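Enquirer:
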Amino acid sequence: MTSVSINPDTLSVLDRPNSYIGKTVPRPNLERLLQGRGLYVSDLELPRMAHVVFLRSPHAHAKILGIDATAARRLPGVIAVVSGQELAAVITPWVGVLSHLKGLKSAPQNAIAIDRVCWQGEAVAAIVASSRAAAEDAAEQVSVEYQELDAVTDMSTALDPATPVIHAALGDNLAFERNHDAGQVDHAFADSDEVIDADFIFGRHTGVTLEPRAVVADWNAAEARLTIYQGTQAPHMVQNIAALHLGLREAQVRVVCKDVGGSFGIKVHIYADEMATYALSKLLRRPVKFVADRVESFNTDIHARDHRCKGRIGVKRDGTIMAFEIDDLTGIGPYSMYPRTSAIEANQVVNLVGGPYLTKNYRARARVVFQNKNVMCQYRAVGHPIACSVTEGLVDLAAMKIGMDPVEIRRRNLIADDAYPCASPSGLRFEQLSHHASLDKLMKMMDYDALRAEQAALRKQNIHRGIGIASFIEVTNPSAAFYGVGGARISSQDGVAVRLDAQGSVICHTSITEQGQGSESLTAQIVGSVLGVSMDRVRVILGDTDNTPYGGGTWASRGAGIGGEAALQATKILRKNILDVAAVILQSTPAELDIANNSVVNAGDGAPRIELNELARIVYFRPDTLPPGVQPELMATRHFVPREYPFAFTNGVQASWLEVDTDTGFVRLLKHWVVEDCGTIINPQLVDEQIRGGVVQGLGAALLEKCIYDERGQLTNANMADYLVPMSGEMPDIDVGHVVSPARESELGAKGAGEAGTAGAAAAVTNAVNDALKPFGTIITEIPLTPQVILTALRRI
Amino acid sequence: MTAAVSISLEVNGERVEAHILPRLNLADFLREHLHLTGTHVGCEHGVCGACTVRVNGEIVRSCLMLAVQTHGGSVETIEGLSDSGEIADLQAAFRDRNALQCGYCTPGMLIAAQDLLQHNREPDREEIRAHLSGNYCRCTGYQAIIDAVENTARARIGRAP
Chain B
1 MTSVSINPDT LSVLDRPNSY IGKTVPRPNL ERLLQGRGLY VSDLELPRMA
51 HVVFLRSPHA HAKILGIDAT AARRLPGVIA VVSGQELAAV ITPWVGVLSH
101 LKGLKSAPQN AIAIDRVCWQ GEAVAAIVAS SRAAAEDAAE QVSVEYQELD
151 AVTDMSTALD PATPVIHAAL GDNLAFERNH DAGQVDHAFA DSDEVIDADF
201 IFGRHTGVTL EPRAVVADWN AAEARLTIYQ GTQAPHMVQN IAALHLGLRE
251 AQVRVVCKDV GGSFGIKVHI YADEMATYAL SKLLRRPVKF VADRVESFNT
301 DIHARDHRCK GRIGVKRDGT IMAFEIDDLT GIGPYSMYPR TSAIEANQVV
351 NLVGGPYLTK NYRARARVVF QNKNVMCQYR AVGHPIACSV TEGLVDLAAM
401 KIGMDPVEIR RRNLIADDAY PCASPSGLRF EQLSHHASLD KLMKMMDYDA
451 LRAEQAALRK QNIHRGIGIA SFIEVTNPSA AFYGVGGARI SSQDGVAVRL
501 DAQGSVICHT SITEQGQGSE SLTAQIVGSV LGVSMDRVRV ILGDTDNTPY
551 GGGTWASRGA GIGGEAALQA TKILRKNILD VAAVILQSTP AELDIANNSV
601 VNAGDGAPRI ELNELARIVY FRPDTLPPGV QPELMATRHF VPREYPFAFT
651 NGVQASWLEV DTDTGFVRLL KHWVVEDCGT IINPQLVDEQ IRGGVVQGLG
701 AALLEKCIYD ERGQLTNANM ADYLVPMSGE MPDIDVGHVV SPARESELGA
751 KGAGEAGTAG AAAAVTNAVN DALKPFGTII TEIPLTPQVI LTALRRI
Chain C
798 MTAAVSISLE VNGERVEAHI LPRLNLADFL REHLHLTGTH VGCEHGVCGA
848 CTVRVNGEIV RSCLMLAVQT HGGSVETIEG LSDSGEIADL QAAFRDRNAL
898 QCGYCTPGML IAAQDLLQHN REPDREEIRA HLSGNYCRCT GYQAIIDAVE
948 NTARARIGRA P
């Protein structure tokens, strides 16, 4: 159900004969993964490699009175048992703050806890042994004496004077607060015919990458170099941070990233145990491998979305939305994560609420508090699911109150497609969005009126089905505004180097990374199309700080829009350089020549003139036959970063069709639709699969996923049997459609697509459940929508 | 911890003799002792399906089976099924449909799907979804995988996908 309409006027160099742009082509190198021949960090073995296991705190908050590792050190195979104090000799602590998030504070965090643990799962000692099994055996023999301290677990009381302060030096448990007030909010509510309030609750959940976090750190004292093999989304960021805290120059650190078993933002951060692994390698002068097990993943991979958000909307009887107001509270664990900080999600919520709509009246407060739980930070679609669920939940409540169809109220309030460029009440600048075209397309795809009729008919048979709609905006292609301006050395630009090899094939190094999204494919498609060579002649290399250009990596839906544009610009230069030398060889002019199907051809009639492998042979092996002064450059490098707009916003709309069993509280997902506008589509299949995968992550949050802590800060479901994730049996088919508004800032015109699915899925499902339960007069504003939540709302339990 | 024991088995058609601790699970044996790293470890408690292999013709979670239990038996992994060409069409269908992203679940998913197609030549989408519901994929949202298995089933019974 995909339809693509690319406007050829916008595709200059890409709209060439045999272009791969806008075409579905299989990703290069999939065969490797299909045959089990990938190389994930967990597969890696090096000579003399040791394995580290971390002994982790069973308490949420405790003093460490003593660590006795005597028995453990005596066990066969044990190389070292290292405490936080001992490791501090080779690595310095860090503080996760950024200067543009005014007032954000955090405490120094150590690679391994020193004197005190602040969440259940924080490492207290490292046990290094010849095998992981030996290290685990030894870990059981390490005894730690703790003195338990009061744990701060409930974020709603974290700021109360009676609540202990986790880091005394900070004065209180408030990490960050942002207030925003735009337009005439009080007047707008006073002028509204109806004002509706609701409290939205979002369950803390996590990424559950199938390959856990994994790192092999190899300090070679003889070279004075550290090589880090890590499944990371941002190799240059890891290089910078590792060097900074180990007292090395960046040139002494190489980060290599091969295959990565899922990331979704989980692997864009730097974790204390990863820092400890780098440091252990330096301390022990040998390769050290850390692979988290599943329990560690649940206890230490960043969590996300633990928000409680009070929302208010004012509406006129004619459907005009007058104002939005929110008060958001989120608990981030004991430290702000490093180096991206844990204030970004709340900040995004403030930025994004009300974003699709016309009203300029918007007031928001967001508070971020510390607590003795695992750290929280950026996970796929950072802040978007919160903002979208609050906004779209309020819009539906307003529609319900005034008796208007949910589609109609959106039609009356979404920013018109011809009103751009414009800005949101929180100051976001939109270049070009397409809310109305997207909604129109969605209505057709789902046959809205027929579905409403079916719903009404089934209701008479006591079958309760619901339709939920959610419009959304998505932040993609971030400029330096995200991290760079706040002082983080996280690059917002990316670079691509392309070169013609001696047989006329192309080797391309890019600073974006691959975790399955299709970075290799989109790069090869762009290079092949712009240059005029077939994709099987293009080899893409990524994930190696010694070899690729410097850049940000793949996160925040930036790979295609930023890395793709760098590939396009680099390839244009290479093409020009090839045509320059071809003109010399052929005694022609560059303007009379073109490259197509791996050959230089006549621009006019397309007749082949010289194959690229022959041109390369002459350049590399018989330069003596070229005229004096001709020095061909068959390699070109270009970088790109967006400058005009801080972010390239995309937009879209999702719909959910589901059935609620009011006896059991179970929700059955019947169908899901997405219409999305990510600008130029490089590979429709890859875009659609990004959307589908993102939607299903959002559906997990909507119905299943929650990290359940008890009042003492113990995570009670840290395994995959008790923490539920979406499996194939309960997921629906998802139809995806597109509207195309290319970004004007780049020649490629691509915006990001990786997070749109996750942004709106939970909002669509929640609205659909409330639509299904309309006859019962109950409204639910809490996810996950477990049977318990639904039956409680129905007063059945 | 008890003493190491000797086992003898066939892995991907090759004879293997090994001296291992009884507590060693099959997944770790395949990955760490035989270096067959195509078998992936995701949860180590039998929920995610990433470590699915075939033992004596039946699919099992190699994290839940001890290596010593395969003594005298036959184990097939993704490397063996790839080299023999048994699932080449299924792998091609996965590639064409982009039914994998990070690829970490893929070996287990392919082996589970092949098991379905051996027992049910013409499964409908619900049956495919049900059979694969013990294999976790965080990337795709499953639809592409269901499509690829459905396309392979149709092709195998001689109908165009």
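Each protein sequence line maps, in turn, to chains B and C. Using the numbering used here, the first residue of the first sequence is number 1, and each one after it goes up by one. Using the numbering used here, the first residue of the second sequence is number 798, and each one after it goes up by one. A virtual CB, placed ideally from N, CA and C, is assigned to each residue, including glycine. Only a predicted model underlies this, so the values are computations on that prediction, with no experimental measurement involved.
Excluding the five sequence neighbours on either side, which residues of its own chain have a C-beta within less than 8 Å of the C-beta of Y939/C, listed in chain order?
Expert: Residue mapping note: residue 939/C aligns to position 142 of the second sequence, counting from 1. Once the five neighbours on either side are set aside, the close Cβ partners of Y939/C are R926 and L929.
Enquirer: Are the Cβ atoms of L352/B and I473/B separated by less than 8 Å?
Expert: For the purposes of this step, residue 352/B is identified with residue 352 of the first sequence, where counting begins at 1. For the purposes of this step, residue 473/B is identified with residue 473 of the first sequence, where counting begins at 1. Yes, they are a contact pair.
Enquirer: Starting from the N-terminal side, write out each stretch of the beta strand (DSSP E) that is 3 residues or longer and does not extend beyond the region 102 to 183 of chain B.
Expert: Listed in chain order, they are 123 to 129, 143 to 148 and 174 to 182.
Enquirer: For chain B, find out if any of its Cβ atoms is closer than 8 Å to the Cβ of F826/C; answer yes or no.
Expert: As a first step, residue 826/C is located in the second sequence; it is residue number 29 there, counting from the start. By this cut-off, F826/C is not an interface position.
Enquirer: Go to Y620/B, then tell me how far its alpha helix (DSSP H) extends in each direction, as first and last residue.
Expert: As a position in the first sequence, residue 620/B is number 620, starting the count at 1. From DSSP, the alpha helix (DSSP H) with Y620/B extends over L612 to F621.
Enquirer: Assess contact between the region 286 to 296 of chain B and the region 313 to 327 of chain B, defined as three or more Cβ pairs (one per stretch) separated by less than 8 Å. Is contact present?
Expert: They do not touch, by the three-pair rule.
Enquirer: To the nearest angstrom, report how far apart D364/B and R178/B are at their CA atoms.
Expert: Within the first sequence, numbered from 1, the residue matching residue 364/B stands at position 364. Within the first sequence, numbered from 1, the residue matching residue 178/B stands at position 178. One detail in the question is off: residue 364/B reads as Ala in this sequence, not Asp. Going from the Cα of A364/B to the Cα of R178/B covers about 8 Å.
Enquirer: Thinking C-alpha only, which one of A596/B, D688/B and A616/B is nearest P608/B?
Expert: In the first sequence, the residue the question calls residue 608/B occupies position 608. Nearest option by C-alpha distance: A596/B.
Enquirer: To which residues does DSSP link K671/B through a beta bridge?
Expert: The residue labelled residue 671/B in the question sits at position 671 within the first sequence. BP columns for K671/B point to W657/B.
Enquirer: Along the chain, where does the beta strand (DSSP E) that runs through G466/B open and close?
Expert: Taking the first residue of the first sequence as position 1, residue 466/B is located at position 466. It spans H464 to E474 - the beta strand (DSSP E) in which G466/B sits, taken as one unbroken run.
Enquirer: Mind checking L14/B: buried by the 16 CB within 10 Å criterion, or exposed?
Expert: As a working note, residue 14/B is residue 14 in the first sequence. Per the 10 Å Cβ criterion, buried.
Enquirer: What would DSSP say about D688/B, mapped onto helix, strand or coil?
Expert: For the purposes of this step, residue 688/B is taken as residue 688 along the first sequence, with counting starting at 1. Three-state result, D688/B: helix.
Enquirer: Residues in the same chain with beta-carbon distance under 8 Å from V4/B, minus the five sequence neighbours each way, listed in chain order, please.
Expert: Taking the first sequence and counting its residues from 1, the one referred to as residue 4/B is at position 4. The predicted model places V4/B with a pLDDT of 41, which falls under 50 and marks its position as unreliable; any figure quoted below should be read in that light. Closer than 8 Å at the Cβ level, and outside the excluded window around V4/B, lie G22, I681, P684, H738 and V740.
Enquirer: Just how far apart, CA to CA, sit P334/B and A111/B?
Expert: Reading the first sequence from its first residue, position 334 is the one you call residue 334/B. Reading the first sequence from its first residue, position 111 is the one you call residue 111/B. In a straight line, the C-alpha of P334/B is about 14 Å away from that of A111/B.
Enquirer: Taking 8 Å as the limit between beta carbons, can you name the residues of its chain near A672/B, skipping five residues before and five after?
Expert: On the first sequence, position 672 is the one that residue 672/B refers to. With the sequence shown as reference, residue 672/B is identified as His, and Ala is not the correct amino acid for it. Taken in chain order, the residues that qualify are Q654, A655, S656, W657, V695, L699, P732, D733, I734, D735, A761 and A764.
Enquirer: Closer than 8 Å, CB to CB, is M445/B near chain C or not?
Expert: Along the first sequence, one-based indexing puts residue 445/B at 445. No, M445/B does not count as interfacial toward chain C.
Enquirer: Examine chain C for any beta-carbon lying closer than 8 Å to the beta-carbon of G828/B, and answer yes or no.
Expert: The structure shown has nothing for residue 828/B, since chain B only spans 1 to 797.
Enquirer: Quick check: what's the CA-CA separation for G487/B versus K267/B?
Expert: In the first sequence, residue 487/B corresponds to position 487, counting from 1. In the first sequence, residue 267/B corresponds to position 267, counting from 1. Taking the straight line from one Cα to the other gives about 21 Å.
Enquirer: Hey, is the region 235 to 254 of chain B in contact with the region 266 to 284 of chain B, meaning 3+ C-beta pairs nearer than 8 Å?
Expert: Counting Cβ pairs under 8 Å, three or more are found: they touch.
Enquirer: Are the C-beta of D301/B and some C-beta of chain C separated by less than 8 Å?
Expert: Within the first sequence, residue 301/B is the residue found at index 301, counting from 1. Not an interface residue.
Enquirer: Quick one, are the C-beta atoms of E148/B and S57/B less than 8 Å apart?
Expert: Your numbering for residue 148/B matches position 148 in the first sequence. Your numbering for residue 57/B matches position 57 in the first sequence. No; because the gap between Cβ atoms is not below 8 Å, this pair is not in contact.
Enquirer: Using Cβ-Cβ distances below 9 Å, what residues of the region 197 to 214 of chain B are close to chain C?
Expert: Per Cβ criterion, the list reads G207, V208, T209, L210, E211 and P212.
Enquirer: Give me the Cα-Cα distance between D197/B and V407/B, rounded to the nearest whole angstrom.
Expert: The residue you call residue 197/B lines up with position 197 of the first sequence. The residue you call residue 407/B lines up with position 407 of the first sequence. Rounded to whole angstroms, D197/B to V407/B spans 21 Å at the Cα level.
Enquirer: At a cut of 8 Å, does the region 476 to 483 of chain B reach the region 554 to 572 of chain B through at least three beta carbon pairs?
Expert: At 8 Å Cβ cutoff, the stretches touch.
Enquirer: Can you give me the C-alpha to C-alpha distance between A502/B and P623/B, rounded to a whole angstrom?
Expert: The sequence position of residue 502/B within the first sequence is 502, counting from 1. The sequence position of residue 623/B within the first sequence is 623, counting from 1. Straight-line Cα distance between these residues: approximately 12 Å.
Enquirer: Report the CB separation of I512/B from L568/B in whole angstroms; it is logged as a contact under 8 Å.
Expert: Here the question's residue 512/B lines up with position 512 in the first sequence. Here the question's residue 568/B lines up with position 568 in the first sequence. Actually they are not in contact, since the Cβ atoms of I512/B and L568/B sit about 13 Å apart, beyond 8 Å.
Enquirer: For A71/B versus Q141/B, is the C-beta distance shorter than 8 Å?
Expert: As a first step, residue 71/B is located in the first sequence; it is residue number 71 there, counting from the start. As a first step, residue 141/B is located in the first sequence; it is residue number 141 there, counting from the start. Cβ atoms of A71/B and Q141/B: closer than 8 Å.
Enquirer: Below 8 Å on the Cβ atoms is my guess for I302/B versus M376/B; work out the distance and round it to an integer in Å.
Expert: Mapped onto the first sequence, residue 302/B falls at position 302. Mapped onto the first sequence, residue 376/B falls at position 376. Right, their Cβ atoms sit about 6 Å apart.
Enquirer: Would a C-beta distance cut-off of 8 Å place Q846/C and G931/C closer than the cut-off?
Expert: Locating residue 846/C in the second sequence gives position 49, counting from the first residue. Locating residue 931/C in the second sequence gives position 134, counting from the first residue. At residue 846/C the sequence reads Gly, which differs from the Gln that was named. For G846/C and G931/C, yes; Cβs fall inside 8 Å.
Enquirer: Helix, strand or coil for E730/B, going by three-state DSSP, please let me know.
Expert: Working through the first sequence from its first residue, we reach residue 730/B at position 730. If DSSP states are grouped into helix, strand and coil, E730/B belongs with the helices.
Enquirer: Write down the C-beta distance between N719/B and H842/C rounded to the nearest angstrom, noting that I regard them as a contact closer than 8 Å.
Expert: The count along the first sequence starts at 1 and reaches residue 719/B at position 719. The count along the second sequence starts at 1 and reaches residue 842/C at position 45. Contact flag correct, Cβ pair sits at about 6 Å.
Enquirer: Using a C-beta to C-beta distance shorter than 8 Å, which residues of chain B count as neighbours of H842/C?
Expert: For this step, residue 842/C is matched to residue 45 along the second sequence. What H842/C touches in chain B: R294, N719, M720 and A721.
Enquirer: Would S805/C pass as an interface residue toward chain B - the criterion being a Cβ-Cβ separation below 8 Å?
Expert: By 1-based counting over the second sequence, the position of residue 805/C is 8. So, not an interface residue.
Enquirer: In three-state terms, what does DSSP make of A556/B?
Expert: Walking along the first sequence from the start, residue 556/B turns up at place 556. It is coil, neither helix nor strand.
Enquirer: Taking DSSP as the reference, what is the three-state secondary structure of E676/B?
Expert: Residue 676/B sits at position 676 when you count from the first residue of the first sequence. Three-state result, E676/B: strand.
Enquirer: Please tell me whether E689/B has its Cβ less than 8 Å away from any Cβ of chain C.
Expert: By 1-based counting over the first sequence, the position of residue 689/B is 689. Yes, its Cβ sits closer than 8 Å to a Cβ of chain C.
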